[in-house]
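Q: One structure, as structure tokens, below. Some questions next.
Protein chains: 2
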Amino acid sequence: MGSRHRRAERVAAITALLHQNPGRLFTLAELALRLDASRSSLSEDLAVIREALRAQGLGDIVTTPGAGGGVRFIPALGPEEACRVVSALCRELSDPRRLVAGGYIYMTDIIFSPVWASRLGRAFAFLFSLSRSRLTAPDRPAPPGGGALGADYVVTVETKGIPLALMTARCLGVPLVVARRDLRATEGSAVSISYVSGSTGRIQAMSLPRRALEAGAKVLIVDDFMRAGGTVRGLMELMGEFGARVLSVGILTATAEPSQKLVDDYLALTVLQGVDERRRVVSVVPGPALAAVAGRPEAPV
Amino acid sequence: MGSRHRRAERVAAITALLHQNPGRLFTLAELALRLDASRSSLSEDLAVIREALRAQGLGDIVTTPGAGGGVRFIPALGPEEACRVVSALCRELSDPRRLVAGGYIYMTDIIFSPVWASRLGRAFAFLFSLSRSRLTAPDRPAPPGGGALGADYVVTVETKGIPLALMTARCLGVPLVVARRDLRATEGSAVSISYVSGSTGRIQAMSLPRRALEAGAKVLIVDDFMRAGGTVRGLMELMGEFGARVLSVGILTATAEPSQKLVDDYLALTVLQGVDERRRVVSVVPGPALAAVAGRPEAPV
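Residue numbers (my numbering), protein chains in the order written: chain A, 17 to 317; chain B, 17 to 317.
What follows is the structure in structure tokens.
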């Protein structure tokens, strides 16, 4: 086997390993051992992979220098890819065949699709990176948990936010925490809160096992839909009970109305502007943060 | 840029593309266009990638010959890797610190971990492949839906089965369908069934939107836990209402008792043999299908 062949095989193996463990730090020593290669060869290999990923808009390889350093793969979409994915989602959601009685939009197939969930998780990672400077505390330059944005967890509440939140967490290399709507006997002691749903006015509950989060954790909230914001507000209160800090909130689709939400600060991938049930017209557009990126001549990343 | 360098870059790009779209068929023409390369170079690249993936136990590239043919990446674990993952899971689940009051085992962190979900989804794909000959109908050699096992969908019921089922579906390149515990007004007309929980004896309900599945679909059921089997039996009845055919059932952890389940035929990754709450001993072992593989000198795949 010639060295040219060996390089290509090593590049394939490293690219596969990085993809199968997004966000995880690999030391050069670890890769050298696994692939039986010198560190200098590996450095060249990684440069080639980084270049190929960037050229194809497929993610990035981030290097952490120093003794405990290494490389990790961050599959976050670039600005152009993120805008393309969100535009495709808006077209899909605006399809009048998605209208169901009551003026609701059928989104279940998209939300539970592994292909969409994977794409949208990567788009969320990009969205969160837009507020990276705000997110990464200056006292913590290299988060030990592997969260590329300084987050320790992604948090959501069952059910429809789970695939999106899982794929966002996977993309950032952090665990997922899922609040439940009812108390589970099988999960030990738990913290519960009640909150009033902003859209229906009904009292709802949410709970999380005590051992799901440690005190002082930094979290990103991800959910599929926001009307008045009561559910996310409830999640934020629940995080408060755990002494956790919410770094940012990402929503797949937020409604334009009511414009005054119960949560001040959130990032929406898409905005549902309106539904005209009689004329069968649905209007879903990219969220303000993405619209701003798409409008800029120079991408911010 | 020398040709050696270009080959390595192309190999990185193809490996990344395949990983970001598991189960999806790529034609050589599509790859040639995207990477500006000849088909003969691509064939060589793919051979190198296949060899690297197999050597590292990272999955396989399957070639479909003919006019509509191409290549797809199947990230299913090999037998050795699957056994290793399941052994690690058994050790993790047998940790007495996971015991909670009532003799339950805290599994939530594992079930919602993107790393475990990804690993276990690939282990499920391996597990299902053990019954591949039974699964793949002889009249359907190349399933159009991309399901490597002839399945059109993976099906589960909320909540804790979702991450596992999502990652299994992702691995097989098919959509996920999630039954809900209650009726949702936002999803249009739906089919509901009631069933009796095998362990608690209580009446439960399960529903699925009409448009979630087409008639005649072939499905794989994935769930996190099975005691008496009532929930899976309910899912199978619900599938019957849709005229769908259940090819196989995969369970993360099935209890050894009751040995007589409401479902005859299922594949369990792990078996919970027993919990001694007083002495704080938990025994979780690999399921019979995997134990059989581990015991064989020749791997069946």
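Idealized CB from N, CA, C, for every residue including glycine.
Please read these numbers as outputs of a predicted model, since none were measured by experiment.
Determine the contact status of B/P381 and B/R218, defining contact as a CB-CB distance below 8 Å.
A: Residue numbering for chain B in the displayed model covers 17 to 317; residue 381 of chain B lies beyond these limits and cannot be assessed.
Q: Give a yes or no on whether the minimum CB-CB distance between B/E273 and chain A is below 8 Å.
A: Taking Cβ atoms only, chain A never reaches closer than 8 Å to B/E273, which makes this a no.
Q: In the structure shown, what three-state DSSP assignment does A/N37 receive?
A: Three-state DSSP puts A/N37 in coil, outside helix and strand.
Q: Could you tell me the alpha carbon to alpha carbon distance between A/M252 and A/V207, rounded to whole angstroms?
A: The alpha-carbon atoms of A/M252 and A/V207 are separated by roughly 13 Å.
Q: What in chain D is Cβ-close to A/I65, meaning under 7 Å?
A: Structure shown: chain D not included; protein chains present are A and B.
Q: Grab the span of the alpha helix (DSSP H) containing A/P375 for me, first residue to last.
A: Missing from the structure shown is residue 375 of chain A; chain A here goes from 17 to 317 and no further.
Q: Of all the residues that make up the region 282-312 of chain A, which are near chain B by a beta-carbon distance shorter than 9 Å?
A: Answer set for the region 282-312 of chain A: empty.
Q: Among B/A308, B/P274 and B/G137, which residue has its Cα nearest to the Cα of B/G266?
A: Comparing Cα positions, the closest option is B/G137.
Q: Once DSSP output is grouped into helix, strand and coil, what is the label at A/A228?
A: In this structure, A/A228 counts as helix in the three-state DSSP scheme.
Q: Can you find a CB in chain A that lies within less than 8 Å of the CB of B/D155?
A: Here the model assigns B/D155 a pLDDT of 39, short of 50, so the residue's position is not dependable and the matter cannot be decided.
Q: Report the rounded CA-to-CA distance for A/A24 versus B/E25, giving the unit in angstroms.
A: One C-alpha to the other measures close to 8 Å.
Q: DSSP beta-bridge partners for A/D292?
A: Bridge partners of A/D292: A/V297.
Q: Can you have a look at A/Q289 and say buried or exposed, based on whether 16 or more other CB atoms are within 10 angstroms of its CB?
A: Per the 10 Å Cβ criterion, exposed.
Q: Using only the alpha-carbon positions, how far apart do B/G232 and B/A284 sit?
A: Cα to Cα, B/G232 sits roughly 26 Å from B/A284.
Q: Which residue from A/T43, A/A167, A/A221 and A/T286 puts its Cα closest to that of A/R243?
A: The shortest Cα separation from A/R243 among A/T43, A/A167, A/A221 and A/T286 belongs to A/T286.
Q: Restricting to runs no shorter than 4 residues, where is the alpha helix (DSSP H) found entirely within the region 45-113 of chain B?
A: List check, alpha helix (DSSP H) in window: 55-72 and 95-109.
Q: Just mark A/P304 as buried or exposed, buried being the case when its beta carbon has 16 or more other beta carbons within 10 Å.
A: Under this definition A/P304 is an exposed residue.
Q: Listing by chain order, which chain B residues have their CB less than 9 Å from the CB of A/I237?
A: Those do not exist, as A/I237 stays about 15 Å from chain B at its closest Cβ, beyond 9 Å.
Q: Could you please tell me which residues of the region 125-137 of chain A, in chain order, have their CB closer than 8 Å to any CB of chain B?
A: Going along the region 125-137 of chain A in chain order, one finds D125, F128, S129, P130, V131, A133 and S134 with a Cβ nearer than 8 Å to chain B.
Q: Report the CB separation of B/L180 from B/D240 in whole angstroms; it is logged as a contact under 8 Å.
A: Contact holds; Cβ gap of about 6 Å.
Q: Nearest-angstrom Cα distance between A/R197 and A/S205?
A: Roughly 15 Å separates the two Cα atoms.
Q: Near B/E46, what residues of its chain come up, given a Cβ to Cβ distance below 7 Å and the 5 sequence neighbours on each side ignored?
A: Cβ within range, chain order: n/a, list empty.
Q: Which residues bound the beta strand (DSSP E) around A/R186?
A: Premise fails: A/R186 lies in the alpha helix (DSSP H), I178 to L188, not in any beta strand (DSSP E).
Q: Tell me, please, whether the CB atom of A/G246 is closer than 8 Å to any CB atom in chain B?
A: No, A/G246 does not count as interfacial toward chain B.
Q: Keeping to the same chain, check which residues put their C-beta closer than 6 Å to that of B/R150; ignore five residues upstream and five downstream.
A: Note that B/R150 scores a pLDDT of 44, beneath 50, so its modelled location is shaky; the value from the coordinates is reported in the next line. Within the same chain, B/R150 has no close Cβ partners at all.
Q: Report the neighbours of A/G204 on chain B: residues whose CB is nearer than 7 Å to its CB, in chain order.
A: Per Cβ cutoff of 7 Å: V116, A117 and Y122.
Q: If you measure from the beta carbon of A/A228 to each beta carbon in chain B, is any gap under 8 Å?
A: At least one chain B Cβ lies under 8 Å of A/A228.
Q: Would you call B/Q72 buried or exposed, if buried means 16 or more other Cβ atoms sit within 10 Å of its Cβ?
A: Its Cβ being crowded by 16 or more others within 10 Å, B/Q72 is buried.
Q: Between B/Y211 and B/G246, is the Cβ-Cβ spacing less than 8 Å?
A: For B/Y211 and B/G246, yes; Cβs fall inside 8 Å.
Q: Okay, do the region 95-102 of chain B and the region 41-58 of chain B touch, 3+ Cβ pairs below 8 Å being the bar?
A: No, because fewer than three Cβ pairs between the region 95-102 of chain B and the region 41-58 of chain B fall closer than 8 Å, the two stretches do not touch.
Q: In chain A, which residues lie with their C-beta within 9 Å of the C-beta of B/L69?
A: Under the 9 Å cutoff, chain A gives A28, A29 and A32.
Q: Over the uninterrupted beta strand (DSSP E) stretch that includes A/R261, give me the two end residues.
A: Residues R261 to T271.
Q: Mind checking if A/V78 is an interface residue toward chain B, Cβ cutoff 8 Å exclusive?
A: Closer than 8 Å: no.
Q: List the residues of chain B whose Cβ lies closer than 8 Å to the Cβ of A/Q276, in chain order.
A: Near A/Q276 there are no residues of chain B at all, since even the closest Cβ is about 23 Å away, more than 8 Å.
Q: Based on Cα-Cα distance, which residue from B/T80, B/V78 and B/V248 lies nearest to B/I209?
A: Checked all of B/T80, B/V78 and B/V248; the closest Cα to B/I209 is B/V248.
Q: Should A/D52 go down as buried or exposed, given a rule of 16 or more other Cβ atoms within 10 Å for buried?
A: Flag for A/D52 reads exposed.
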